[in-house]
Amino acid sequence: MEVQTLIGLEVHAELATESKMFCSCSTEFGAEPNTHCCPICTGMPGVLPMPNKKAIEYAVKAGLALNCDISEFSKMDRKNYYYPDLPKAYQISQYDLPLCTGGYVDIETEDGPKRIRIRRVHMEEDAGKLLHEGWGNNSLVDYNRAGVPLIEIVTEPDMNSPAEAGAFLDKLKAILQYIEVSDCKMEEGSLRCDVNINARADDKSMATAITEMKNLNSFKAAVKAMEYEEKRHREALLEGDPTVHETRRWDDARSVTVAMRSKEEAHDYRYFPEPDLVPIALDKSYIKSIRENLPELPDQRYQRFISQYGLPQYDAGILTSSKYLADYFEQCMTIYDNAKTVSNWLMGDVLRALNENGKDPSDIPFPPAYLVDLIKYVDDGTISISIAKKVFDEMFANGTDPGAIIKEQGLVQISDEGELLGVIRQVIQENAPSVADYKAGKKKALGYLVGQAMKLTKGKANPQLLNKLLERELN
Amino acid sequence: MELYRLTAHEAYEKLKKREVSARELAQSVIKHIEDVEQSIGAYIHLDFDAALKQADDVDRHIDEGHEVPLLGGLPIAIKDNMCTEGIATTCASRMLADFVPPYDATVVRRLKERQAVVLGKLNMDEFAMGSSTETSAFKKTKNPWDTDRVPGGSSGGSAAAVAADEAFFTLGSDTGGSIRQPASLCGVVGMKPTYGAVSRYGLVAFASSLDQIGPLTKDVKDCAMVLNAIVGHDPYDATSVSRSYPDYTSALIDDVKGIKIGVPKEFFGQGINEEVKSAVTKAIELFKEMGADYEETSLPYTDHALSAYYLIASAEASSNLGRYDGVKYGYRAAQYDDMIDMYKKTRSEGFGSEVKRRIMLGTYALSSGYYDAYYLKALKVRTLITRDFQRAFEKYDVLVVPTSPTTAFKIGERLDNPMEMYLSDVCTVPVNIAGLPAISIPCGLDGRGLPIGLQIIGKAFDEETILRVAYAFESNTPYHNQKPSER
Numbered sequence: 007m008e009v010q011t012l013i014g015l016e017v018h019a020e021l022a023t024e025s026k027m028f029c030s031c032s033t034e035f036g037a038e039p040n041t042h043c044c045p046i047c048t049g050m051p052g053v054l055p056m057p058n059k060k061a062i063e064y065a066v067k068a069g070l071a072l073n074c075d076i077s078e079f080s081k082m083d084r085k086n087y088y089y090p091d092l093p094k095a096y097q098i099s100q101y102d103l104p105l106c107t108g109g110y111v112d113i114e115t116e117d118g119p120k121r122i123r124i125r126r127v128h129m130e131e132d133a134g135k136l137l138h139e140g141w142g143n144n145s146l147v148d149y150n151r152a153g154v155p156l157i158e159i160v161t162e163p164d165m166n167s168p169a170e171a172g173a174f175l176d177k178l179k180a181i182l183q184y185i186e187v188s189d190c191k192m193e194e195g196s197l198r199c200d201v202n203i204n205a206r207a208d209d210k211s212m213a214t215a216i217t218e219m220k221n222l223n224s225f226k227a228a229v230k231a232m233e234y235e236e237k238r239h240r241e242a243l244l245e246g247d248p249t250v251h252e253t254r255r256w257d258d259a260r261s262v263t264v265a266m267r268s269k270e271e272a273h274d275y276r277y278f279p280e281p282d283l284v285p286i287a288l289d290k291s292y293i294k295s296i297r298e299n300l301p302e303l304p305d306q307r308y309q310r311f312i313s314q315y316g317l318p319q320y321d322a323g324i325l326t327s328s329k330y331l332a333d334y335f336e337q338c339m340t341i342y343d344n345a346k347t348v349s350n351w352l353m354g355d356v357l358r359a360l361n362e363n364g365k366d367p368s369d370i371p372f373p374p375a376y377l378v379d380l381i382k383y384v385d386d387g388t389i390s391i392s393i394a395k396k397v398f399d400e401m402f403a404n405g406t407d408p409g410a411i412i413k414e415q416g417l418v419q420i421s422d423e424g425e426l427l428g429v430i431r432q433v434i435q436e437n438a439p440s441v442a443d444y445k446a447g448k449k450k451a452l453g454y455l456v457g458q459a460m461k462l463t464k465g466k467a468n469p470q471l472l473n474k475l476l477e478r479e480l481n
Numbered sequence: 025m026e027l028y029r030l031t032a033h034e035a036y037e038k039l040k041k042r043e044v045s046a047r048e049l050a051q052s053v054i055k056h057i058e059d060v061e062q063s064i065g066a067y068i069h070l071d072f073d074a075a076l077k078q079a080d081d082v083d084r085h086i087d088e089g090h091e092v093p094l095l096g097g098l099p100i101a102i103k104d105n106m107c108t109e110g111i112a113t114t115c116a117s118r119m120l121a122d123f124v125p126p127y128d129a130t131v132v133r134r135l136k137e138r139q140a141v142v143l144g145k146l147n148m149d150e151f152a153m154g155s156s157t158e159t160s161a162f163k164k165t166k167n168p169w170d171t172d173r174v175p176g177g178s179s180g181g182s183a184a185a186v187a188a189d190e191a192f193f194t195l196g197s198d199t200g201g202s203i204r205q206p207a208s209l210c211g212v213v214g215m216k217p218t219y220g221a222v223s224r225y226g227l228v229a230f231a232s233s234l235d236q237i238g239p240l241t242k243d244v245k246d247c248a249m250v251l252n253a254i255v256g257h258d259p260y261d262a263t264s265v266s267r268s269y270p271d272y273t274s275a276l277i278d279d280v281k282g283i284k285i286g287v288p289k290e291f292f293g294q295g296i297n298e299e300v301k302s303a304v305t306k307a308i309e310l311f312k313e314m315g316a317d318y319e320e321t322s323l324p325y326t327d328h329a330l331s332a333y334y335l336i337a338s339a340e341a342s343s344n345l346g347r348y349d350g351v352k353y354g355y356r357a358a359q360y361d362d363m364i365d366m367y368k369k370t371r372s373e374g375f376g377s378e379v380k381r382r383i384m385l386g387t388y389a390l391s392s393g394y395y396d397a398y399y400l401k402a403l404k405v406r407t408l409i410t411r412d413f414q415r416a417f418e419k420y421d422v423l424v425v426p427t428s429p430t431t432a433f434k435i436g437e438r439l440d441n442p443m444e445m446y447l448s449d450v451c452t453v454p455v456n457i458a459g460l461p462a463i464s465i466p467c468g469l470d471g472r473g474l475p476i477g478l479q480i481i482g483k484a485f486d487e488e489t490i491l492r493v494a495y496a497f498e499s500n501t502p503y504h505n506q507k508p509s510e511r
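Respectively, the protein sequence lines represent chains A and B.
Counting along the first sequence from 1, when you hit position 136 you're at 142 in my numbering, and nothing is skipped either side.
Counting along the second sequence from 1, when you hit position 204 you're at 228 in my numbering, and nothing is skipped either side.
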């Protein structure tokens, strides 16, 4: 039996507005607990929500960038449930009339391009956060996050593998960053994802019940959890053992999913229209002006990188996958003209260093001009490529100007024939056996002698010149 | 005449002419409260020192040569479901017995800006759920006309305080009749403005789509003055309507010639007391004598209004009252096993039985599987009722009906029979459902000497016509001058 995995995602992205969705409190992350709250976002008696126009604008922008239809008439609803992080005991959300419907995102897969359909994008407010650690049997609650505007993006179950879901998440994150509506920082919780997954026989004769997975706080965790569940569902299907519809939690430490107690998921949210807010009516002209002012999106930039800079598709794909990386590249290109060299540095050393340090392209610690300077020092022979890698490591660690590093550490390449000849003669004198080997036809010995010369110059010898002079001296 | 007996506009005139000081006004009312409050029980919170201090501030302001803003220096009181900064706002519930808001409701702020002197907070049915003020967790308020009887509710404290001259005017809130019905039972003027005319910010929500704040006053002119002070768009209330609001006192003309009055027959049917019917009918005849035209008409969906109201109001309440969970403020049970147990015990102990009944009703109406049959159907009925009114207002300027089907009933008489209690609102709830403005004014006494209320319903945002018709009636009748103390 051929088995197909079906994955649908629900992604929550915090909107990067300065103030909360229904009051003027700051949305800044990381403040002292309960310092960014007021009677409105803590749900005191008698207060009312005051809608944030910017949040609506950002949600419309996101909907348009995800190719959705924007509803000219939508409304907010109340989702009722009790939990201490939810100050009003209801979340203001959207139920049957979401702001955006029916969009799509195109992703690259092993089998080529694929379109993932978006069912809806709606607005809602975030809840606060419970703090369990360090208070004995008690838990404390921090309402700084309560009322921060969110969009929830719901896909159709169009992804057939964890890898496709991972590609979708990467692309979604890139789009939201390009249009500057969300920071998409998973570590700060500004992007979170729930997964719906099951397995189905290709002929649709059998399928497992859908598992919902929550508590996935990184893309990596999401993909790992999906891989785990994919295996579980496929095995269940092949064994003819139907799974039950349930909510499972990803335990990152043990790398397994665990069923949540049915009590935890037994919710009747009793949705009904939010009577404290009037429906959202958007003019066609308002939607049109947002559409016309949408910035360049990842797919468009990808095409432009190929046509404008002559980059290979692979390079263009990697560079445009992050707005920060693409911006960085283009800033380099304003002061330097070899696109491929810049691309090689960014895709190679820069991304490697970022990955090793668990950082984002937005965290590159030096300005584009420094990277261009480094490349130019190699171009004009001031330093060798191998020295350049060392300088780069230093730049990445301390954000220092490459010129200063080269100067301070005396790394300028030795291209003076006289100076190099002195070194070569010393090497020949001290390595008679190798010289003899070379003369006996063992060409490999040349490499050893070059190495010795490099050692004496602390790697600063101009490699081409050194090779040329050494061969000349030996012959 | 004792100063506390004056209407708000009379007292204000004396203050403006410097015939009396704000302190003298406050002292007169305070002295009177000390005499009668024991037998009335209108207040939950009274602070005479704070009131005298506010009065002295007003006097100083006058001494410095400033003009007193309209309503300035008048001792007034607020229903205890409107937030007052630094003063407990309890909703007459154990749940909020110790809740002190760090902010003023917009209406309170507006009255403070006009330098009104706040005496205290008024008793009410718990969370405004009730029609007799008997569901208050703290005390029973008596009807000043007969202290064996209820003042109506839920703004019973607000109505009783005005009827007993314990404040020049008060604010109440009206979700299904909670200003008009107690105004009727206590023989005072009470108005529910158009939904959206007065900000709800700081009014502890009962049913958000129905709640509206309004004045309870000694006469129609006072009502217009207070309305002037409290209406207006508020950026803190997304449902408050941005438009230009008139000076309502200029609508007060003693002339109803050419006014077209509709008399919907559904408001005179079964359950409406004969004496009430006859007083209202007499009032309508008087309007005719004064030059107005009237005609019987029909609002066919009225019969379904009460059912729809109790579903919609309870559904919204079940959500609005979810926040009282013991986590952030207010009551929390002393003993509990875990989080769920804390919620259960806190809410079981903190709420009274009427509030719990409505939370259960509302939760049920919104539950999956029942939503369509109850809540959604109620919304459809709401639309039909609204259309009934719209059609009627194509022909008529105002509708005139009774406010309450009966005069004041005995304390305890209906408390154990919720359905009978709910019927007290049968003439008032359709107005809330349609979001319209309406006033209740005294139109006579029944055989027991208890006041009867006349309800005048107007088009949305046409409070002016209502006030004009009410003012004309008042100008040609003695009822507003009848006082409980003179019986």
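We put the CB at the ideal spot given by N, CA and C, even for glycine.
Small disclaimer: the values here were computed from a predicted structure and weren't measured.
| query | result |
| --- | --- |
| Residue of 126/B, 442/B and 61/B minimising C-alpha distance to residue 353/B | 126/B |
| Chain-ordered neighbours of residue 368/B on chain A, where CB pairs are closer than 7 angstroms | Those within 7 angstroms of residue 368/B in chain A number zero; the least Cβ separation is about 10 angstroms. |
| Beta-carbon proximity check, residue 295/B vs residue 447/B, cutoff 8 angstroms | yes |
| Beta-carbon contacts of residue 468/A that lie in its chain and below 8 angstroms, excluding the five residues immediately before and after | 387, 390, 419, 420, 421 and 426 |
| Integer-rounded CB distance, given that residue 460/B should sit under 8 angstroms from residue 484/B | 6 angstroms |
| Meets three-Cβ-pair contact criterion under 8 angstroms: the region 34 to 44 of chain A and the region 64 to 83 of chain A | no |
| Beta-carbon proximity of residue 177/B to residue 206/B, cut-off 8 angstroms | yes |
| Test: residue 224/B CB closer than 8 angstroms to a CB of chain A | yes |
| Spatial distance of residue 251/B from residue 131/B (CA atoms) | 10 angstroms |
| Residues of its chain near residue 23/B, where Cβ-Cβ distance is below 6 angstroms and the 5 sequence neighbours each way are ignored | Not covered by the structure: residue 23/B. The range shown for chain B is 25 to 511. |
| Residue 248/B vs residue 212/B beta-carbon contact at 8 angstroms | no |
| Pairwise C-alpha distance: residue 33/A and residue 186/A | 15 angstroms |
| N-terminal and C-terminal residue of the alpha helix (DSSP H) that residue 199/A is part of | Here residue 199/A belongs to no alpha helix (DSSP H); instead the beta strand (DSSP E) covers 197 to 207. |
| Which listed residue (376/A, 121/A and 199/A) has its alpha carbon closest to that of residue 335/A | 376/A |
| Which of helix, strand or coil DSSP assigns to residue 26/B | coil |
| Terminal residues of the beta strand (DSSP E) in which residue 99/B lies | 99 to 103 |
| First through last residue of the beta strand (DSSP E) which encompasses residue 404/B | Element bounds for residue 404/B: not the beta strand (DSSP E) but the alpha helix (DSSP H), 401 to 419. |
| Through-space distance from residue 418/B to residue 324/B, alpha-carbon basis | 16 angstroms |
| Enclosing beta strand (DSSP E) for residue 265/A [first to last residue] | 262 to 265 |
| Buried/exposed call for residue 314/A, threshold 16 Cβ in 10 Å | exposed |
| Boundaries (first-last residue) of the alpha helix (DSSP H) holding residue 85/B | 72 to 87 |
| Nearest-angstrom Cβ-Cβ length linking residue 178/A and residue 433/A, presumed shorter than 8 angstroms | Incorrect: roughly 58 angstroms between the Cβ atoms, too far for contact. |
| Three-pair Cβ contact test at 8 angstroms for the region 64 to 72 of chain B versus the region 456 to 473 of chain A | no |
| Near-chain A residues of the region 100 to 115 of chain B (beta-carbon distance less than 9 angstroms), N- to C-terminal order | 105, 106, 107, 113 and 115 |
| Length at least 4, wholly inside the region 129 to 172 of chain A: the alpha helix (DSSP H) runs in chain order | none |
| Residues bridged to residue 173/B [DSSP beta-bridge criterion] | 434/B |
| Whole-angstrom C-beta distance between residue 503/B and residue 451/B, which should lie under 8 angstroms | The Cβ separation is near 18 angstroms, so there is no contact. |
| Sequence-distant residues of the same chain with beta carbon closer than 6 angstroms to residue 330/A, five excluded per side | 367 and 368 |
| Chain-ordered neighbours of residue 341/B on chain A, where CB pairs are closer than 8 angstroms | In chain order: nothing, as chain A lies at least about 11 angstroms away. |
| Residue 14/A versus 191/A, 153/A, 125/A and 372/A, residue with shortest Cα-Cα distance | 125/A |
| Minimum C-alpha distance to residue 189/B - residue among 30/B, 453/B and 303/B | 30/B |
| Residue 441/B CB to nearest heavy atom of the ligand NAD below 7 angstroms | Looking at this structure, you won't find the ligand NAD or any other ligand, since it has none at all. |
| Candidates 380/A, 12/A, 446/A and 460/A: closest to residue 161/A by CA position | 12/A |
| Spatially closest choice to residue 117/B from 371/B, 427/B and 425/B, by CA coordinates | 371/B |
| Spatial distance of residue 511/B from residue 169/B (CA atoms) | Unreliable placement is indicated for residue 511/B, whose pLDDT of 49 sits below 50; no coordinate value is reported for it. |
| Residue burial classification, residue 170/A (beta-carbon count within 10 angstroms, cutoff 16) | buried |
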